[in-house]
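Structure first, commentary second.
Residue numbers (the working numbering), protein chains in the order written: chain P, 1 to 190; chain G, 1001 to 1190.
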């Protein structure tokens, strides 16, 4: 994903504290062509996984999860942070600490859309501490579904998320891997 | 958009009070192939608009807005409901009453991504009372940008949104038009 790495180098901003600002192409303004390329790449990397559903969390996971699902030809489900009035009373719910929000958020899924027959690929914009993705994995387990893989557009290795997720025992793919953001740098693995 | 109308007829649920539940293919679980087809249709209908940016509101507008932007080959911006810590302090903000949430929500955009040179196409999942789309139009005006069109995946005519938006003087396109939900019905215009 050279196009993604080049874009991070060009437009990514190091806000300090490990916060990487990419809101000009991923999570406020979105470059749909780049997101489509990310989705195509995830679909290729997980082609053998047998994934039958893509799972993500609102909000900024939606774009890469949608394009991945499009290229895999499977539905995507996004966990909600608040229960809309259109959702049934019986829900799957877990809590996740949000790094960039500084609070704990709920992640909610209707059991109608995640069940024992589902083979689930989790896609999110960032793999940082791994807490959001671990929460999605808990929802997958609670539904009795099978987790088959985890994909993140950008991984920040120095926040340790990959180690947190390792016990899940599934392949973890990141399209751009940032290894160091100390002293204002943004170092991306070649 | 016969595929969309067929899907609403098959899976849409009338929850009463004008609430149309379509969370099996639009706003919880999403059918990416159908959303891609919706995006292609919007891109065709607004091909002559000169739209250079697609604008939507999180959360459920993101999927159709992203696919529309993909087919137009332009960026998409989604207005946030809360200001993430990665967003600058100077923002464009407006308030919108949320029909399905029963409260007023903030819609926030970084002025970095919406400015006087932008020709803006607003895309959302629903056109109901028109309040969310009108709020996005206010943000467009506040940024000094030019609104060139409005597209909704599903319009509910009986909530009057089209009349609310008419003074904006731009084309309004809906891919499925629901004209009556009284007495448990879901009547879609052919």
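Using N, Cα and C, we set each Cβ at its ideal position, and we do this for glycine too. Quick caveat: nothing in here was measured; it's all calculated off a predicted structure.
Item to check | Extent of the continuous beta strand (DSSP E) run through residue 1085 (chain G) | outcome: Residue numbering aside, residue 1085 (chain G) sits at position 85 when the second chain is read from its first letter. Careful: residue 1085 (chain G) lies outside any beta strand (DSSP E) and carries neither H nor E.
Next on the checklist: Buried or exposed for residue 166 (chain P), going by 16 or more other Cβ atoms inside 10 Å?
Outcome noted: One-based indexing of the first chain puts residue 166 (chain P) at position 166. Under this definition residue 166 (chain P) is an exposed residue.
Checklist entry - Within the 7 Å Cβ cut-off, does residue 1062 (chain G) reach chain P? => result Stepping through the second chain from its first residue, residue 1062 (chain G) is reached at position 62. Output row for residue 1062 (chain G): interface = yes.
Checklist entry - Count the other CB atoms within 10 Å of the CB of residue 1109 (chain G); is the residue buried (16 or more) or exposed (fewer)? => result Along the second chain, read from residue 1 onward, the residue named residue 1109 (chain G) stands at position 109. With 16 or more Cβ atoms within 10 Å of its Cβ, residue 1109 (chain G) is classed as buried.
Item to check | Residues that residue 113 (chain P) contacts on chain G, provided the C-beta gap is smaller than 9 Å | outcome: Position 113 of the first chain, counted from the start, is the residue given in the question as residue 113 (chain P). Under the 9 Å cutoff, chain G gives 1023, 1024, 1028 and 1029.
Next on the checklist: Between residue 1093 (chain G) and chain P, is any beta-carbon pair separated by less than 7 Å?
Outcome noted: If you number the second chain from 1, residue 1093 (chain G) lands on position 93. It does not: the Cβ of residue 1093 (chain G) has no partner Cβ on chain P nearer than 7 Å.
Checklist entry - Can you list, in chain order, the stretches of the alpha helix (DSSP H) that have 4 or more residues and sit fully within the region 1120-1159 of chain G? => result 1131-1142
Checklist entry - Any Cβ of chain G within less than 7 Å of the Cβ of residue 66 (chain P)? => result Residue numbering aside, residue 66 (chain P) sits at position 66 when the first chain is read from its first letter. Judged by the 7 Å Cβ criterion, residue 66 (chain P) is in contact with chain G.
Checklist entry - Taking the alpha carbon of residue 1091 (chain G) as the point to measure from, which residue in G:1002, G:1143 and G:1137 has its own alpha carbon closest? => result Position 91 of the second chain holds residue 1091 (chain G). Out of G:1002, G:1143 and G:1137, G:1143 has the C-alpha closest to the C-alpha of residue 1091 (chain G).
Checklist entry - When we look at the beta-carbon of residue 1151 (chain G) and count the other beta-carbons within 10 Å, is it buried (16 or more) or exposed? => result On the second chain, residue 1151 (chain G) is found 151 positions in, with the first residue counted as 1. Buried, because 16 or more other Cβ atoms sit within 10 Å of the Cβ of residue 1151 (chain G).
Checklist entry - Just the Cα atoms here: how many angstroms apart are residue 66 (chain P) and residue 30 (chain P)? => result As a first step, residue 66 (chain P) is located in the first chain; it is residue number 66 there, counting from the start. As a first step, residue 30 (chain P) is located in the first chain; it is residue number 30 there, counting from the start. So the alpha carbons of these two residues sit roughly 13 Å apart.
Checklist entry - Is it true that the region 1127-1140 of chain G meets the region 1162-1179 of chain G, where meeting means three or more beta-carbon pairs spaced less than 8 Å apart? => result yes
Checklist entry - Are residue 1107 (chain G) and residue 1057 (chain G) touching if we call contact CB-CB under 7 Å? => result Stepping through the second chain from its first residue, residue 1107 (chain G) is reached at position 107. Stepping through the second chain from its first residue, residue 1057 (chain G) is reached at position 57. Going by C-beta atoms, residue 1107 (chain G) is nearer than 7 Å to residue 1057 (chain G).
Next on the checklist: So, for residue 4 (chain P): in the same chain, excluding its five sequence neighbours on each side, which residues have a beta-carbon less than 6 Å away from its beta-carbon?
Outcome noted: Residue 4 (chain P) sits at position 4 when you count from the first residue of the first chain. Cβ neighbours of residue 4 (chain P) beyond the five flanking positions: 175 and 176.
Checklist entry - Rounded C-beta distance between residue 52 (chain P) and residue 139 (chain P)? I'm assuming under 8 Å. => result Taking the first residue of the first chain as position 1, residue 52 (chain P) is located at position 52. Taking the first residue of the first chain as position 1, residue 139 (chain P) is located at position 139. With 8 Å as the limit, residue 52 (chain P) and residue 139 (chain P) do not qualify as a contact, their Cβ atoms being about 16 Å apart.
Item to check | chain G residues whose Cβ lies nearer than 7 Å to that of residue 175 (chain P) | outcome: Along the first chain, one-based indexing puts residue 175 (chain P) at 175. Neighbours of residue 175 (chain P) on chain G: none; closest Cβ ~17 Å, over 7 Å.
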